[in-house]
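In what follows, a structure is listed as structure tokens, so that the remarks can point back to it.
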Amino acid sequence: MSSSYSASCNVSGSSNSSESMKDPYPLWKFVVKGDKISGGGGNYNWKCNFCGEVKNGSYTRVKAHLLGEQGKGIQVCNKVKIDDLAKLRKLHPTSVRLGSSDNVKKRKSNNTISDAFNMKSRDQFDSEISRMFYTGGLPFNLTRNPYYVSSYTIAANSNHSGYKPPGYNKLRTTLLCKEKENVDRLLQLIKETWKTKGVSIVSDGWSDPQRRPLINIMIASKKGPMFMKAIDCSGEIKDKDFIATLLSEVIDEIGDQNVVQIITDNASNCKVAGELVEGRYPHIYWTPTLKQ
Ligand SMILES: [Zn+2]
842 MSSSYSASCN VSGSSNSSES MKDPYPLWKF VVKGDKISGG GGNYNWKCNF
892 CGEVKNGSYT RVKAHLLGEQ GKGIQVCNKV KIDDLAKLRK LHPTSVRLGS
942 SDNVKKRKSN NTISDAFNMK SRDQFDSEIS RMFYTGGLPF NLTRNPYYVS
992 SYTIAANSNH SGYKPPGYNK LRTTLLCKEK ENVDRLLQLI KETWKTKGVS
1042 IVSDGWSDPQ RRPLINIMIA SKKGPMFMKA IDCSGEIKDK DFIATLLSEV
1092 IDEIGDQNVV QIITDNASNC KVAGELVEGR YPHIYWTPTL KQ
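Structure below.
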């Protein structure tokens, strides 16, 4: 008997929707029907095309197995993927006529099926997303990122059911450039106030996660602070001349007439660099941050 079972899980190619409306038992197509069980009504031995397990019972149990309906006296299939489930669910006719008490019952049972379906797919989504975190080493903090939530809700509520998230290359090229343009556009609103209100240049030394020595440059103005750049100082000696040159470059980039003051910490090299800048641009003040 087992040789008569052929495995095929092709959900999408199996039938069109008008055909499935006529067939009251469309899910038989996704199992291989074996022997009829004698004296058992509509009970057969059957083998699931998805998991390959041999089961027995009527169409109700086939449906429960494939659609993940709990409490129907049969184990639910653990090989039916979310995509398959959605298609299988669509195949199953849900012809409900309004009016008769019989149909109220029918509708109620359909709700239960749909609840079970929703619960199963929710569980599968949750597992899938959690695995992405565990296998990718993603910090759990990412769940607090508003774009984490919105990316899923937008994808789930959009009509593009075939949507695929961007891959490695798209993320580091086209999309990165596009987002940089977007940020530049947003910052333009802040930059426009620099001429009229003036700015402070704030700078401090820092190390990035790879322990590279960085000097970062922030621009503070009435509209708010803005990160301008971080300079990798690997292999450089961060003496007074190096820092003075760096700050002068930033001042020229912004336009020295727009700069009111520069703020650095009170380290001796920064102090002298500040004095050098004050000498070069008499209208700009150097202000040290207080030592903690
Ligand atoms: Zn199965």
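For the sequence shown, this note's numbering begins at 842 and goes up steadily by one.
Using N, Cα and C, we set each Cβ at its ideal position, and we do this for glycine too.
Everything numeric in this text was worked out from a predicted model, so none of it was measured.
Handout entry: Meets three-Cβ-pair contact criterion under 8 Å: the segment 1113-1124 and the segment 1096-1104
Key = They touch, by the three-pair rule.
Exercise for the section: Pick helix, strand or coil for Ser1099, following the three-state DSSP scheme. Expected result: Stepping through the sequence shown from its first residue, residue 1099 is reached at position 258. The displayed chain sequence assigns Asn, not Ser, to residue 1099. Residue state, collapsed to three classes: helix.
Problem - Simplified DSSP state of Lys874, which is helix, strand or coil - result: Here residue 874 corresponds to residue number 33 of the sequence shown, with the count starting at 1. Residue state, collapsed to three classes: strand.
Exercise for the section: Check each candidate in Asn919, Cys918, Ser1044 and Ser992 and name the one with the smallest Cα separation from Cys1111. Expected result: Within the sequence shown, the letter at position 270 stands for residue 1111. Comparing Cα positions, the closest option is Ser1044.
Handout entry: Which of helix, strand or coil DSSP assigns to Lys1063
Key = Start at 1 with the first residue of the sequence shown, and residue 1063 comes out as number 222. Coil, per DSSP.
Handout entry: Proximal residues to Glu1116 (C-beta, below 7 Å), its chain only, five neighbours per side dropped
Key = Position 275 of the sequence shown, counted from the first residue, corresponds to residue 1116. Same-chain partners within the cutoff: Trp1127.
Exercise for the section: When you get a sec, list the residues whose CB is within less than 7 Å of any heavy atom of ligand 1, chain order please. Expected result: Cys889, Phe891, Cys892, Glu894, His906, Leu907, Cys918, Lys920 and Val921
Exercise for the section: Just list the beta strand (DSSP E) runs in the segment 986-1020, keeping only unbroken ones of 3 residues or longer that don't cross its boundaries, in chain order. Expected result: none
Handout entry: Host alpha helix (DSSP H) of Thr901 (start-end)
Key = What you label residue 901 is simply residue 60 of the sequence shown in a count that begins at 1. Tyr900 to Leu908 is the span of the alpha helix (DSSP H), which, as asked, contains Thr901.
Handout entry: Residue environment, Val1118, which counts as buried when at least 16 other CB atoms sit within 10 Å
Key = Counted from its first residue, the sequence shown places residue 1118 at position 277. It is buried - the Cβ of Val1118 has at least 16 other Cβ atoms within 10 Å.
Exercise for the section: Could you name each continuous alpha helix (DSSP H) segment of 4 residues or more that falls completely within the segment 1032-1061, going from the start of the chain to the end? Expected result: 1035-1038
Problem - Counted within 10 angstroms of its Cβ, other Cβ atoms place Trp1047 as buried (16 or more) or exposed - result: Sequence index remark: in the sequence shown, residue 1047 carries index 206 (1-based). Result: exposed.
Handout entry: Beta-carbon separation (whole angstroms), Gly909 vs Val895, contact threshold 8 Å
Key = Your numbering for residue 909 matches position 68 in the sequence shown. Your numbering for residue 895 matches position 54 in the sequence shown. Contact flag wrong, Cβ pair sits at about 19 Å.
Problem - Given Ile1072 as reference, the closest of Thr1130, Glu1090 and Lys877 once Cα atoms are compared - result: Looking up residue 1072 in the sequence shown gives position 231. For Ile1072, the nearest C-alpha among the options comes from Glu1090.
Problem - Inter-stretch contact (C-beta, 8 Å, three-pair minimum) for the segment 896-908 and the segment 865-882 - result: yes
Practice task
Under the assumption that Pro1050 contacts Met1059 (Cβ atoms under 8 Å), give the Cβ distance between them as a whole number of angstroms.
Solution key: Taking the sequence shown and counting its residues from 1, the one referred to as residue 1050 is at position 209. Taking the sequence shown and counting its residues from 1, the one referred to as residue 1059 is at position 218. Contact doesn't hold; Cβ gap of about 19 Å is too wide.
Exercise for the section: Report the rounded CA-to-CA distance for Leu1055 versus Asn1023, giving the unit in angstroms. Expected result: Stepping through the sequence shown from its first residue, residue 1055 is reached at position 214. Stepping through the sequence shown from its first residue, residue 1023 is reached at position 182. Approximately 25 Å between the Cα atoms of the pair.
Problem - Asn884 and Val873 closer than 8 Å at C-beta - result: As a working mapping, residue 884 is identified with position 43 in the sequence shown. As a working mapping, residue 873 is identified with position 32 in the sequence shown. No, the Cβ-Cβ distance between Asn884 and Val873 is not below 8 Å.
Exercise for the section: Could you pull out every residue in the same chain whose Cβ sits closer than 8 Å to the Cβ of Tyr989, ignoring the five residues on either side in sequence? Expected result: Walking along the sequence shown from the start, residue 989 turns up at place 148. Same-chain partners within the cutoff: Leu983.
Practice task
Could you pull the start and end residues of the alpha helix (DSSP H) that Asn1110 belongs to?
Solution key: On the sequence shown, residue 1110 is found 269 positions in, with the first residue counted as 1. Element bounds for Asn1110: Ser1109 to Arg1121.
Practice task
In angstroms with no decimal places, state the Cα-to-Cα distance between Leu979 and Thr1105.
Solution key: One-based indexing of the sequence shown puts residue 979 at position 138. One-based indexing of the sequence shown puts residue 1105 at position 264. If I take the Cα positions, the gap works out to 35 Å.
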